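Note that the sequence shown covers residues 1 to 625 in the working numbering. Beta carbons: idealized from backbone N, C-alpha and C, even for Gly. Predicted model, so just to flag it, every value in this text is computed and none were measured.
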Amino acid sequence: MRYFLRALRLMRPYVWLLGVYVVCTIFAGVVNAAPVAVGKAFLEHLQRGGSGDVGLLGAMGTGDRFRWVDEWLVAWFGTDPYVFLYGICAIIVLCVALKGLCDFLISFLAAWISQRMQVDAVERLMNHVLALDIGFHDRRKMGDLVSRMVGDTTCLKVTAKLALEFIEKPPQIVFLVVMALLLNWKLFLIGAVGLPLVVGPLLTFTRRIYKHALRARVQAADMSQDMLQDLAGMRTVHAYEAVKAEGENFNRLAEKFFKSSMRMARNRALLKPISELLMMTGGIAVFAVGSTWVLKGEMSLAAFGAFLAALSMCYNPLRGMLSSFGELAEFVPSAERAFELLDTKPRIVDAPDAIDCPVLRKEIVFEKVALDYGRGPVFRDLDLRIAAGERIGIVGRTGIGKSTLLSLLLRFYDPTEGRILLDGVDLRTVKLATLRRQMALVTQEPFLFHTSIEENIRYGKPGATTDEIVAAAKAAAVHDEIVQQPDGYKTIVGERGVTLSGGQRQRISVARAILRNAPILLLDEATSALDSSVEQQVQDALERLSEGRTTLVVAHRLGTVRTADRIVVFSDEGGIEAVAPHGELLETSATYRRLWERQSGQGAESVAAEHETRRDGERLRRTAE
Ligand SMILES: Nc1ncnc2c1ncn2[C@@H]1O[C@H](COP(=O)(O)OP(=O)(O)OP(=O)(O)O)[C@@H](O)[C@H]1O
Ligand SMILES: [Mg+2]
1 MRYFLRALRL MRPYVWLLGV YVVCTIFAGV VNAAPVAVGK AFLEHLQRGG SGDVGLLGAM
61 GTGDRFRWVD EWLVAWFGTD PYVFLYGICA IIVLCVALKG LCDFLISFLA AWISQRMQVD
121 AVERLMNHVL ALDIGFHDRR KMGDLVSRMV GDTTCLKVTA KLALEFIEKP PQIVFLVVMA
181 LLLNWKLFLI GAVGLPLVVG PLLTFTRRIY KHALRARVQA ADMSQDMLQD LAGMRTVHAY
241 EAVKAEGENF NRLAEKFFKS SMRMARNRAL LKPISELLMM TGGIAVFAVG STWVLKGEMS
301 LAAFGAFLAA LSMCYNPLRG MLSSFGELAE FVPSAERAFE LLDTKPRIVD APDAIDCPVL
361 RKEIVFEKVA LDYGRGPVFR DLDLRIAAGE RIGIVGRTGI GKSTLLSLLL RFYDPTEGRI
421 LLDGVDLRTV KLATLRRQMA LVTQEPFLFH TSIEENIRYG KPGATTDEIV AAAKAAAVHD
481 EIVQQPDGYK TIVGERGVTL SGGQRQRISV ARAILRNAPI LLLDEATSAL DSSVEQQVQD
541 ALERLSEGRT TLVVAHRLGT VRTADRIVVF SDEGGIEAVA PHGELLETSA TYRRLWERQS
601 GQGAESVAAE HETRRDGERL RRTAE
C-alpha cells in the first residue's frame with residue numbers, strides 16, 4: 001500500500017491534468033446515469049399512453065422522487081406524445097455522445113499520465129543508478145538492475161493506469177448508487193448485501209497474487225541476468241561448447257518464471273468469478289423482492305426497471321474495480337522493486353559542506369589507510385607520500401592491491417580506516433566532481449563504448465576538436481591503425497570495442513586519457529597488451545605527457561616502470577615493502593630484486609635493451625639523414 005501511494009505521488013507534477021481527468025470522470029458519471037432517469041420517464045410516459053398527466057406518477061409509488069425530471073421533460077417538450085418520445089431519444093443520444101467524448105479524454109489522459117510516469121521513473125532510476133557508488137555496482141547483478149529499470153517501470157505504468165481507473169470508476173458508481181437509493185433505498189440495501197461477502201476472498205486472492213507476482217518479478221530479473229551474461233560471454237560460451245547447456249539453463253529459469261506467472265494468473269482468474277458470484281447474491285435477492293413488490297402494486301414496473309438498470313450498471317464498474325484489485329496486486333511488487341532501487345543511497349557522495357578539491361600542488365598522502373571490501377583487509381596501515389609532479393611506479397604480485405590503490409585515489413571506495421589527503425585536504429571532504437576532474441584513468445581492462453573510435457577518444461574531453469583527437473591518437477601510437485579501419489575515426493567499435501584488438505583498445509583508452517589533459521594520470525597496466533616496440537612508443541608518449549604531471553603507473557613488467565622517479569613495491573604478504581628508485585630498490589628490496597631477476601634476461605632487460613637498440617638505430621638514421 002505504501003508503495004502504491006508512492007507510485008501515486010509520482011503523478012504530483014501532473015496534478016492539474018489529474019484535475020481535468022477527475023472532472024471528466026465526474027461528468028462522465030453524470031451523463032452515464034442521466035439516461036436511466038430519462039429512460040424511466042420514457043417508460044412511464046409509455047405506460048400512461050402518452051398522457052401528459054404528470055400527477056399520475058405520484059400514484060406509481062416510488063417514482064415521485066424523479067417527478068421533477070418528468071415535469072422538466074413535459075415543460076420542455078410539451079404533452080404531444082411523439083414530440084416527447086423523440087425528445088427523450090435525442091437527450092439519450094446526446095448523453096451517449098458526451099459520454100463518448102469523456103471516455104476519449106479519460107483514456108487519453110490516463111495513457112498520457114501513466115506513460116509520463118513510466119518515463120519519469122526510468123529517467124530517475126537510470127540517473128540514480130549512474131550516481132550510485134562503484135561498491136554498489138560491484139555487488140549488483142546487471143540483469144536485476146536492467147529488469148528493475150525496464151520491466152518494473154513498465155509495470156509501474158500499468159499500476160498508474162489502474163490507479164486512474166480507481167479514480168474513474170467511483171463517480172460512475174456513486175451517481176448510479178444515488179439514483180438507485182432514490183428509486184428505492186430498501187431494495188438497494190438488499191442489492192448491496194453481497195458486497196461485504198466479497199471482502200474476504202478479495203483480501204485472500206490479492207495477497208496470493210502479490211506473493212506470486214513478486215516471485216515472478218525476481219525470476220524475470222534472473223532471466224535478464226542470464227541473458228546479459230550469456231550475450232556478454234558469447235565467445236567463452238562457444239569456445240567451451242556450452243551453447244546447449246546455457247540454453248537449458250536459461251530454459252529452466254524461464255520455466256520457473258512461467259510457473260509463478262501461472263500461479264498468479266490462476267488466482268487472478270479465480271478472483272473475478274468468485275467475487276462476482278458473491279456480489280450477484282444481492283442481485284438475485286433484488287429480483288425476487290422487487291418482482292413481489294411490483295406484483296403487489298407497491299412499486300411501478302418502470303421504477304423497478306429503472307432500478308434494475310441502475311443496479312446492473314453499477315455492477316459493471318464495481319466488477320471492473322474488483323478485477324483491478326487483482327491486477328494491482330500483480331503490479332505493486334514492481335513498484336516496490338523500482339522504489340527499493342531508488343531508495344538505495346550511494347555511499348560515496350559529496351558531504352553537505354564539501355569544498356572544491358584544490359588543484360594538486362604539493363603532495364598526495366595516504367595516512368594509515370586500510371581497505372576492506374568485506375572479505376578481510378586488502379591492506380592495513382598503508383602510508384605513502386607522493387609529491388606533485390612525481391612519476392610513481394607500482395609493482396607487486398597479482399591481487400595484492402595495486403588497482404585498489406588507484407581506486408582509492410579516485411574515491412571509488414573510501415578507506416575503511418585512515419585517510420587520503422590531497423594537499424592536506426581529506427578526499428572525503430571535497431566535491432567528487434572536482435576531485436575526479438583532476439584525474440585521467442586508463443583502467444586495467446580498457447572499456448570502449450559502442451560508438452565510433454572518435455567518440456570513444458572524445459570521452460576524455462567532451463567537445464574536443466578532430467585535430468585534438470588525432471593528436472591524442474598519434475601520441476598513443478594508434479593513429480596509423482585507426483586510419484586503416486574501414487571508416488577511419490568514424491568506425492564503430494562494437495560492444496565494448498569487440499571489433500578491435502586488445503592492444504588497439506588499450507591505446508584508444510590511452511589516447512582518451514591523453515586528451516583529458518588532467519594533472520594526475522593513473523595508468524593501470526595501460527601498456528600490458530602491447531608488443532615491446534609499440535609499448536615503447538606509447539611509453540615515450542606517456543613519459544612526455546607525464547612531465548609536470550603526477551603519474552601513477554601500475555605494471556607487471558618492470559621495464560615499464562624502471563624509469564619512474566620512485567617505485568612502490570608491495571610485498572607478497574601485503575602492504576608496502578619499499579618506495580625508492582629502481583637502482584636503490586635493487587639494493588634494498590628483496591621482493592623487487594626477486595621480481596627483477598625473474599624478469600631480466602627474458603623480460604625487462606630484453607625490453608630495455610631492445611629500446612636502447614631502437615633508439616640508437618633512430619639516432620643513427622637521423623645522423624645519416
Ligand atoms: N570490487 C571488489 N570487491 C571485492 N574484492 C575485491 C574487489 N576488487 C578487488 N578485490 C580483491 O582485493 C584484492 C586486491 O585487488 P586488486 O585488483 O587491487 O589487485 P591488483 O594488485 O591490482 O591485482 P592485478 O595485478 O591482478 O591487477 C584482491 O584480492 C581482490 O580479490
Ligand atoms: Mg589490478
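Distance CB(Glu165)-CB(Ser324) smaller than 8 Å:
yes
Near ligand 2: Val554 beta-carbon under 7 Å from a heavy atom:
yes
Cross-strand partners of Pro377 (DSSP beta bridge):
Asp372
Arg319, DSSP secondary structure in three states:
helix
For Leu214 and Phe4, I'd like the C-alpha separation in whole angstroms.
14 Å
Alpha-carbon to alpha-carbon, Gln118 and Leu145
16 Å
For ligand 1, list every residue whose C-beta falls under 5 Å from any of its heavy atoms, going in chain order.
Asp138, Tyr373, Val378, Thr398, Gly399, Ile400, Gly401, Lys402, Ser403 and Thr404
How do the segment 240-259 and the segment 153-167 stand: do at least 3 beta-carbon pairs fall below 8 Å, yes or no?
no
If you follow the alpha helix (DSSP H) that Gly39 is in, where does it begin and where does it stop?
Val15 to Gln47
Cβ-based neighbour list, Gly548, same chain, cut-off 7 Å, excluding 5 preceding and 5 following
Gly389
For Asp524, verify whether its CB is less than 7 Å away from any heavy atom of ligand 2.
yes
Return the Cβ separation of Ile420 and Leu552 in integer angstroms, given the expectation that the two are a contact with Cβ distance under 8 Å.
The Cβ separation is near 13 Å, so there is no contact.
Selected residue, minimal CA-CA separation from Asp343, among Pro581, Tyr82, Leu17 and His128:
His128
CB of Gln444 to nearest heavy atom of ligand 2: below 7 Å?
yes
According to DSSP, simplified to helix, strand and coil, what is Leu5?
helix
Per DSSP, the bridge partner or partners of Thr236:
Paired residues: none, contrary to the question.
Do Leu384 and Ile520 have their C-beta atoms within less than 8 Å of each other?
no
Segments assigned beta strand (DSSP E), at least 3 residues, entirely inside the segment 400-430
417-422
Looking at the unbroken beta strand (DSSP E) that takes in Gly494, where does it start and where does it end?
Here Gly494 belongs to no beta strand (DSSP E), and DSSP marks it neither H nor E.
Report all residues from its chain with a CB closer than 7 Å to the CB of Leu156; omit the five preceding and five following residues, and keep chain order.
Ala7, Met117, Gln118, Ala121, Ser334, Ala335 and Ala338
Using only CA atoms, which one of Arg496, Asn517 and Gly574 lies nearest to Met234?
Arg496
If you run the structure through DSSP and keep just helix, strand and coil, what is Glu363?
strand
Measure the beta-carbon distance from Pro446 to Ser509 and round it to whole angstroms, keeping in mind my assumption that it falls under 8 Å.
4 Å
Taking DSSP as the reference, what is the three-state secondary structure of Asp353?
coil
Can you have a look at Trp596 and say buried or exposed, based on whether 16 or more other CB atoms are within 10 angstroms of its CB?
buried
Along the beta strand (DSSP E) that carries Gly661, what are the first and last residues, could you check?
Nothing can be reported for residue 661, as the shown portion of the chain is limited to 1 through 625.
In this structure, does DSSP put Arg631 in helix, strand or coil?
Coverage of the chain is limited to positions 1 through 625, which leaves residue 631 absent and any answer about it impossible.
Which listed residue (Ile284, Ser275 and Leu360) has its alpha carbon closest to that of Leu322:
Ser275
Is it the case that the Cβ atoms of Leu523 and Leu542 are separated by a distance below 8 Å?
yes
At 3 residues or longer, what runs of the beta strand (DSSP E) sit wholly inside the segment 499-571?
520-524, 550-554 and 566-570
N- and C-terminal bounds of the alpha helix (DSSP H) containing Glu71:
Arg67 to Phe77
My understanding is that Ala285 touches Ile190, with C-beta atoms under 8 Å, so please give their C-beta distance in whole angstroms.
5 Å
Which term fits Pro13, buried or exposed, when burial requires 16 or more other beta carbons within 10 angstroms of its beta carbon?
exposed
Where Glu577 sits in the DSSP three-state scheme:
strand
Residues in its own chain within less than 8 Å of Asn249 by CB, not counting five upstream and five downstream?
Asp226
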